[in-house]
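A short write-up of the structure that comes next.
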Amino acid sequence: NAGVTQTPKFQVLKTGQSMTLQCAQDMNHNSMYWYRQDPGMGLRLIYYSASEGTTDKGEVPNGYNVSRLNKREFSLRLESAAPSQTSVYFCASRPGQGLQYNEQFFGPGTRLTVL
Amino acid sequence: AQSVAQPEDQVNVAEGNPLTVKCTYSVSGNPYLFWYVQYPNRGLQFLLKYITGDNLVKGSYGFEAEFNKSQTSFHLKKPSALVSDSALYFCAVRDSGSGYSTLTFGKGTMLLVSP
Chain E
565 NAGVTQTPKF
575 QVLKTGQSMT
585 LQCAQDMNHN
595 SMYWYRQDPG
605 MGLRLIYYSA
615 SEGTTDKGEV
625 PNGYNVSRLN
635 KREFSLRLES
645 AAPSQTSVYF
655 CASRPGQGLQ
665 YNEQFFGPGT
675 RLTVL
Chain A
25 AQSVAQPEDQ
35 VNVAEGNPLT
45 VKCTYSVSGN
55 PYLFWYVQYP
65 NRGLQFLLKY
75 ITGDNLVKGS
85 YGFEAEFNKS
95 QTSFHLKKPS
105 ALVSDSALYF
115 CAVRDSGSGY
125 STLTFGKGTM
135 LLVSP
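Chains E and A, in that order, give the protein sequences.
End of the first sequence sits at 679 in my numbering; the numbers just go up one at a time, nothing left out.
End of the second sequence sits at 139 in my numbering; the numbers just go up one at a time, nothing left out.
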């Protein structure tokens, strides 16, 4: 199993450009998540999808959109990138509802720089 | 709303010495707590969790955590630190507002183990 994979690993954008970060998991997990990590801020949830067909806003959703394409794939789109979106982005997945399934499994991250 | 606090930005310890990384929490209802580790340029890896039961939870790589309800703490411990334990450590708590689908992370504590 590859686990959670993310593409690309690195990306440089100019202000105003758009791009989509891709995430896929091969663990048949129901829930998927997008986080951003900034120095001194920890991980902040952008959007999540508790199950296929649903998406919800997290703590910092402004400037982002998501698509749960199918059970495996969850993409994050920046429509008009801003320097404040310079960050490391992590995708994660979790098996499903229920107390015993609460661990999240993380991808390797995408390092995004917006100039 | 639930939250976790990691009061130390950095913890320094000599190899072979015991280590403690602190975490305190604030939740309404029963707390469900997690520790994750992040090595440089990698995604987060799950270490251990407290759901219910024994106050001492054992996890991966020789780590354990002590749950203390009266002090609302969930400190990460290891009896003998290794240089390879140097990494960024995150405490997290399960969110009740999202139907238990999401986690709130602390800001992280950098652990540096010197030879």
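Just so you know, even glycine gets a beta-carbon here, dropped at the ideal spot from N, CA and C.
Nothing here was measured: the structure is a model prediction, and the numbers come from that model.
- For the segment 55-69 of chain A, the set of residues with a beta-carbon nearer than 9 Å to any beta-carbon of chain E comprises 56, 58, 60, 62, 65, 66, 67, 68, 69, in chain order.
- By the criterion of a C-beta distance shorter than 6 Å, residue 574 of chain E is surrounded in its chain by 675, once the five residues flanking it on both sides are discounted.
- Taking 8 Å as the threshold, the shortest C-beta distance from residue 73 of chain A to chain E falls below it.
- Burial of residue 673 of chain E is indicated by the presence of at least 16 other C-beta atoms within 10 angstroms of its C-beta.
- Between the segment 585-605 of chain E and the segment 631-639 of chain E there are three or more inter-stretch CB-CB distances shorter than 8 Å, so the stretches are counted as touching.
- Residue 89 of chain A is bridged by DSSP to A:81, A:100.
- In this structure, residue 119 of chain A lies away from residue 30 of chain A, with their beta-carbon atoms at least 8 Å apart.
- Residue environment for residue 85 of chain A: exposed (fewer than 16 other C-beta atoms within 10 angstroms of its C-beta).
- The DSSP-derived three-state label of residue 109 of chain A is helix.
- Taking the C-beta atoms as reference points, residue 657 of chain E is found nearer than 8 Å to residue 668 of chain E.
- Within the model, the alpha-carbon separation for residue 48 of chain A versus residue 106 of chain A is close to 24 Å.
- In chain order, 597, 609, 612, 622 make up the part of chain E whose C-beta sits under 8 Å from the C-beta of residue 126 of chain A.
- Against chain A, the CB of residue 667 of chain E has a partner CB under 8 Å away; the residue lies at that interface.
- With fewer than 16 neighbouring CB atoms inside 10 Å of its own CB, residue 95 of chain A falls in the exposed class.
- The alpha-carbon separation between residue 115 of chain A and residue 632 of chain E amounts to approximately 27 Å.
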